[in-house]
Structures are given as structure tokens and as C-alpha cells.
Ligand SMILES: Nc1ncnc2c1ncn2[C@@H]1O[C@H](COP(=O)(O)OP(=O)(O)OP(=O)(O)O)[C@@H](O)[C@H]1O
Ligand SMILES: Nc1ncnc2c1ncn2[C@@H]1O[C@H](COP(=O)(O)OP(=O)(O)OP(=O)(O)O)[C@@H](O)[C@H]1O
Ligand SMILES: [Mg+2]
Ligand SMILES: [Mg+2]
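Residue numbers (the working numbering), protein chains in the order written: chain H, 4 to 226; chain V, 4 to 226.
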């Protein structure tokens, strides 16, 4: 399980303090598909950054299974993320100087049982773009490279920040079907942020946020 | 009117040629609200880049009212865009070293009748973020700065590439209401790219694309 206990995150810039998360308690059981909904600026991406060890907590703790993540140093955190976590970032975060296939290969390199980069790229419809650079891709193509890169290492836990925001309906459906299949066949734990209520229907649990707080957790399915 | 005649755009990288647009003919009448729909990679952003003079045509012509845009040099193009056009880019394109308010002020500087930056920022809900830098904003907040920057100079023609993709339903509604009001009261010509069919309902015309071609133009309203 991923357990956030009494987590607060405050961003300080000069005099200004922004409470991005206030006293959040949240547990994600292994193998669950969790969707996070909430207005722009409500703290969804911050929640993802806290739950994945990508950023430090101002106060509170993060535990993933038996590992005390919030107590790890930078080196331990980096190794933990590499071995266990996959990310689809809201702004894609592709390496601009590597091709599509190289961006995905990098994701496979440190994995114990990686998929074939060209296979996963084919599944997201990018087989004709393998040798292009990110600046030569459309918005939705860049997003799909980001998705392929996260999936190729078959992570235990997958964090997706609006992974279909730049995709048309049909392409988005394909991607969400891949994620659902992963969750059902591989018991991959998924945390997916979205603005789209119809995507929320895919989740076992819906986590609603507002102004840095979790206001509601709805359980739709029991596993 | 904005007139594309027989426009083709080919991207070449090494041996590979990508036909991003094939022999496109399209006219947008002044004061119309036009929505572009189509799958990821179908050429929507490329169409916008061609219609706005942001990028060169491989063949064909672009005329805006009586100006032969495709015949202009770099300096004339830059001046034309500054005086007449506003842009909301798919990747926001904010200046990272300027604050929220400064990013919008820059948009106002070269305008004949600019709005007040703080006013327009308030209308998109960002009054508490004026002194932050883009990296300190959520995805949807960055998108809204991009929107405010385009609107502040009250352009004759507004090009919006998925301007609400990162926004929740309520915030997206506010933004679209602002765009509709602009179109109705100021006769601003709008070209809006979206994946969301419900947003398409706002348009006077819906332009459907697939594989670099315009496959359909539907007129929903007459003005
Ligand atoms: N580095 C930072 N410094 C200051 N404030 C920040 C920083 N990063 C985020 N914030 C603020 O924290 C709040 C929550 O941000 P977060 O990115 O988690 O929102 P979000 O729910 O993901 O929004 P969106 O749906 O727009 O992506 C926002 O108001 C944002 O401005
Ligand atoms: N600089 C470039 N070099 C090579 N190919 C390019 C370049 N820019 C765009 N393309 C290709 O042209 C096609 C159309 O791109 P475009 O960005 O117009 O698509 P789009 O409809 O906006 O897609 P999306 O909905 O994903 O944003 C894509 O297949 C893309 O890979
Ligand atoms: Mg976010
Ligand atoms: Mg695009």
C-alpha cells in the first residue's frame, strides 16, 4: 500500500506561502486503479509528487509497502523510483535530444523485465515516428511517447498526470484500455489524475480534491 | 477573411517526408467562430501555424483580408502578427524568467487598445498568482496565463490550440464564455482547435481534419 499520513506541502516564494496540500491522509491499496479529480490548482499534481517521492513533504510521512520513503536520502529515492515507479507527466518531460525510440529505451534500461520499446510504441500508434525528435511531434504524439516510456519498464506503481489530455477520443480510449489491462492482468497500482469525469468511471476509487484537501473518496468497485 | 489556397506543408527530416497538410483550401470569414476537430497527428496545429504566418507554406498561398501573408518577409510577418493576431499555444510558450503579470504585460505592450493585465488575469481566476513564475504554477494555471496574454491585446484574430485541455469543466466553461463574448461583441475571428466535441458545439463552423486533409466543413450557425 502507498500511505500518506498527515501530509502538508507548503511552497514558499519570498513572503508568499502556498498551502498546496493540507493535512492529507490517503491510502492506496496495491493493485487498485485510483482516479484523482479536482479543479485546476487544487493540488492534484502536488499529491502525485508527494506520493511518489518526487518532491519532499513539508510535514507528515510517506510509506510504500514497508519502505519509509519520506526518510530516504536522494540516492535511495532515485533507486527506489527507478525500480518500482513509472510516470506520465503533465508536461511529458521528454528528452529533447533523444529520438522517440531512444526516449522509451531509456525507460527500459534500468528495468528487470522490460517490454520491447518498438512493441509498446506500436501499441500507442507511433510505429512511424521512431526516429523523430520530440520537437517534430504533435502534442498528442509527445504525450504518447511519455506513456510508452512509463509502460516499457512494467512498473509496480504507475503515476499518470492527465495522460490523455492531448488525445482525441479514439486514441484516449486505446490508452485507457492499455492501463486497465495492466491493472487487471499485472496488478499494477495506478494513480491517474484527470479532469474528465468519464475517465473517472474506470477507477476502483475516485479521490476528489479541492484547495489542497481531499474532500471525498468514493469506492466504485471492490477488489 | 483568412484564405488558404492549395496549401501543402511537408516536413523533411533526412530521408523522411511527412505530409502534414495536403492541398488544403479553407476560408474563414471575419467575425466567425471556427472549431477544428481531428485525431492526434492529423494536422490541426500545422493548419494553425500556416493560417497565422507562424510557419512557411511548402506550396500555396495565405491571404488575410488584402494582405499577401505568404509573400511577406520575416520582419513584415512579425509586425503583422503583433498588430493583428493573438495566440494560445498547445504548449503555452510562457517566458520562464518573467512573472505571470509580466508575461501578460508583454502581450499588452505592442497593442493599440490593450486591456489591463490585472483585469484579464482576474477574469481567468489568477489574481492571487500575479508575482509567481511559470514553474510555480499548476498546468491549468499556466494555460490560463497563456490565455490572458493572448486576450490582453484584443487581437482581430485569435488562434487557440486546445486552450482548455488542462482545465476542469467549470474553469473551461468560464474561458469559453469569454471567447464567445469576444466573438459576439468585438467580432473577433476565432480559430479554436479542440478534441472535445462538446466544445465544437460553440462554433459557427466545424472543420474536421484527418491525415493532413480537411474532410468536412459543417456550418452550424449563420451570421
Ligand atoms: N513551486 C511552486 N511554488 C509556488 N506555488 C506552487 C508551486 N507549485 C505549485 N504551486 C501552487 O500549488 C497549487 C497546487 O498546484 P498543483 O500543480 O498541484 O495543482 P493541480 O491540481 O495539478 O492543477 P491543474 O489541474 O491545473 O494541473 C497551485 O495553486 C499552484 O500555483
Ligand atoms: N517539425 C516536424 N518535423 C516532422 N514532422 C512533423 C513536424 N511537426 C509536426 N510533424 C508531424 O506532422 C503531423 C501533424 O502534426 P500536428 O502537430 O499538426 O498534429 P495535430 O493534429 O495538432 O495533433 P495533436 O492533436 O496530437 O496535437 C504529425 O504526424 C507530426 O508528427
Ligand atoms: Mg496538475
Ligand atoms: Mg496539435
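Backbone N, C-alpha and C define an ideal beta-carbon position, used for all residues, glycine too.
*Quick one: what does DSSP say residue 75 (chain V) is sitting in, helix, strand or coil?*
coil
*Provide the residue span of the alpha helix (DSSP H) that contains residue 203 (chain H), from first to last.*
For residue 203 (chain H), the enclosing alpha helix (DSSP H) begins and ends at 200–203.
*For residue 157 (chain V) and chain H, any beta-carbon pair shorter than 8 Å?*
no
_Using beta carbons (cut-off 8 Å, strictly below), is residue 214 (chain H) in contact with chain V?_
So no, residue 214 (chain H) is outside the interface.
_Given a cut-off of 8 Å on the beta-carbon distance, is the pair residue 61 (chain H) and residue 30 (chain H) in contact?_
no
*Per-residue contacts from residue 42 (chain H) into chain V (C-beta, under 7 Å)*: 171, 173, 174
*Let me have the residue list for ligand 2: C-beta closer than 5 Å to any non-hydrogen atom, ordered along the chain.*
Neighbourhood of ligand 2, defined by CB distance below 5 Å to any of its heavy atoms: H:139, H:140, H:141, H:142, H:143, V:14, V:21, V:23, V:43, V:44, V:45, V:46, V:47, V:48, V:49, in chain order.
*Measuring only between beta-carbons, confirm whether residue 2 (chain V) sits less than 8 Å from chain H.*
Absent from the model: residue 2 (chain V). The displayed extent of chain V is 4 to 226, so no value can be given.
*Tell me residue 118 (chain V)'s beta-bridge partners as DSSP assigns them.*
In DSSP, residue 118 (chain V) forms no bridge with anything.
*asked:* Suppose contacts are defined by Cβ-Cβ distances below 8 Å. Is residue 8 (chain H) in contact with residue 49 (chain H) by that definition?
replied: no
*Heavy atom of ligand 3 less than 7 Å from the Cβ of residue 171 (chain V), yes or no?*
Checking the Cβ of residue 171 (chain V) against ligand 3 gives no.
*Answer with buried or exposed for residue 113 (chain V), where buried requires no fewer than 16 other C-beta atoms within 10 angstroms of its C-beta.*
exposed
_residue 58 (chain V) Cβ short of 7 Å to ligand 4 heavy atom set_ = Within 7 Å of the C-beta of residue 58 (chain V) there is not a single heavy atom belonging to ligand 4.
*Where in the stretch 104–182 of chain V do unbroken runs of the alpha helix (DSSP H), each at least 4 residues long, occur, reported from the N-terminal end onward?*
120–126, 142–154
*ligand 3 heavy atoms versus the CB of residue 223 (chain H): any closer than 7 Å?*
The nearest non-hydrogen atom of ligand 3 is 7 Å or more from the C-beta of residue 223 (chain H).
*Hey, is residue 134 (chain V) close to ligand 6, as in C-beta under 7 Å from one of its heavy atoms?*
Of the ligands this structure carries, namely ligand 1, ligand 2, ligand 3 and ligand 4, none is ligand 6.
_Where the beta strand (DSSP E) through residue 62 (chain H) begins and ends_ = 62–67
*alpha helix (DSSP H) containing residue 1 (chain H): first to last residue?*
Residue 1 (chain H) is absent from the model: chain H starts at 4 and stops at 226.
*Out of curiosity, what's the CA-to-CA distance linking residue 160 (chain V) and residue 150 (chain V)?*
14 Å
*Using the C-alpha atoms, what's the distance from residue 15 (chain V) back to residue 176 (chain V)?*
39 Å
_Spatial neighbours of residue 129 (chain H) within its chain, please: C-beta separation below 8 Å, excluding the five flanking residues on both sides._
Around residue 129 (chain H): 103, 144, 147, 148, 151.
*Use the C-beta contact count for residue 208 (chain H): other C-beta atoms within 10 angstroms, 16 or more gives buried, fewer gives exposed.*
buried
*Where do the N-terminal and C-terminal ends of the beta strand (DSSP E) with residue 96 (chain V) fall, by residue?*
Counting along the chain, no beta strand (DSSP E) covers residue 96 (chain V), and no H or E run does either.
*For the putative contact between residue 168 (chain H) and residue 173 (chain V), defined by C-beta atoms under 8 Å, what is the C-beta separation to the nearest angstrom?*
Beta-carbon to beta-carbon, residue 168 (chain H) and residue 173 (chain V) are separated by about 17 Å, too far to satisfy the 8 Å threshold.
*residue 93 (chain H): contacting residues in chain V (beta-carbon distance under 8 Å)*: Residue 93 (chain H) reaches chain V at 142, 169, counting residues in chain order whose Cβ is nearer than 8 Å.
*Excluding the 5 residues preceding and the 5 following residue 118 (chain V) in the sequence, name in chain order all residues of the same chain whose CB lies nearer than 6 Å to its CB.*
Answer for residue 118 (chain V): 155, listed in chain order.
*Say the cut is 7 Å; is the CB of residue 177 (chain V) nearer than that to a heavy atom of ligand 4?*
no
*Just mark residue 37 (chain H) as buried or exposed, buried being the case when its beta carbon has 16 or more other beta carbons within 10 Å.*
By the 16-neighbour rule on beta-carbons within 10 angstroms, residue 37 (chain H) is buried.
*Let me know the secondary structure DSSP gives residue 20 (chain H) once reduced to three states.*
Judged by DSSP in its simplified three-state form, residue 20 (chain H) adopts strand.
*Which listed residue (V:71, V:25, V:47) has its alpha carbon closest to that of residue 165 (chain V)*: V:47
_Reduced DSSP category for residue 194 (chain V) - H, G, I as helix; E, B as strand; rest coil_ = strand
*Can you tell me where the beta strand (DSSP E) with residue 219 (chain H) in it begins and where it stops?*
Counting along the chain, residue 219 (chain H) sits inside the beta strand (DSSP E) bounded by residues 216–222.
_Between the alpha carbons of residue 140 (chain H) and residue 105 (chain H), how many angstroms are there, rounded?_
14 Å
*asked:* What residue range does the beta strand (DSSP E) around residue 41 (chain H) cover?
replied: Neither: residue 41 (chain H) is in no beta strand (DSSP E) and is coded neither H nor E.
*Assuming residue 212 (chain V) and residue 56 (chain V) form a contact by the criterion Cβ under 8 Å, report the distance between their Cβ atoms to the nearest whole angstrom.*
Not confirmed; about 20 Å, so no contact.
*Would you please verify whether the beta carbon of residue 165 (chain V) is less than 8 Å from any beta carbon of chain H?*
Closer than 8 Å to some Cβ of chain H, the Cβ of residue 165 (chain V) qualifies, so yes.
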